Structures are given as structure tokens and as C-alpha cells.
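Residue numbers (our numbering): 1313 to 1391. Down below is the structure, laid out as C-alpha cells.
And the structure:
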């Protein structure tokens, strides 16, 4: 998984990109995190993009995450 910070309209958002089975959900992991550490949105990707040196390509991943994302933190918030 990779965590990134995106700024939209002056508000910083924590985003989570994760790999895994298509039918898997990150909800179990998110339940273990304190509310203030939960990402604003999560997206499953087939693979994390890498640079030529084998490091996470954050710019490429952020471009992938520019589309609207499903909120994951709200699904865990108490009613």
C-alpha cells in the first residue's frame, strides 16, 4: 500500500492506494487506525507504479488518483 497527500481547494487529504484481491476490502485495516490516521479515500490498483530505479513513482500514482475516489473513512465513522 502507499499513502499520499493531495491538496484540493486548500484542504489536504490523505489517500491510500493498495494492491490485493479484487474482492478484498481495506476496511479491516482501516478499523485498526485511529480516526485521525484514516485516509480520506482508498483505491485499489493492480500494481503500484515504480520509477526506473524501482522506487514508488508518487507523481504517476497521484495522476492515477485524480479521478473521484470512493471515500473509505466515512464507511467506518460511527453513526
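We treat Cβ as the ideally placed atom computed from N, Cα and C, and that holds for glycine. Note that this is a predicted model, so its numbers are computed, not measured.
Check	Outcome
If you count every other CB in all the chains shown that lies within 10 Å of the CB of residue 1331, and 16 or more means buried, which is it?	exposed
Just tell me which of 1373, 1354, 1363 has its CA closest to the CA of residue 1339.	1354
From 1364, 1323, 1356, pick the residue whose C-alpha is nearest to that of residue 1295; which is it?	Look at the range of the chain in this structure, 1313 to 1391, and you will see that residue 1295 is not part of it.
Are the C-beta of residue 1358 and some C-beta of chain D separated by less than 9 Å?	The chain inventory of the structure shown lacks chain D, comprising one protein chain alone.
Less than 9 Å between the beta carbons of residue 1327 and residue 1342, yes or no?	no
Would the beta-carbon of residue 1336 fall within 9 Å of that of residue 1373?	no
Taking the alpha-carbon positions, what's the residue 1350 to residue 1325 distance?	10 Å
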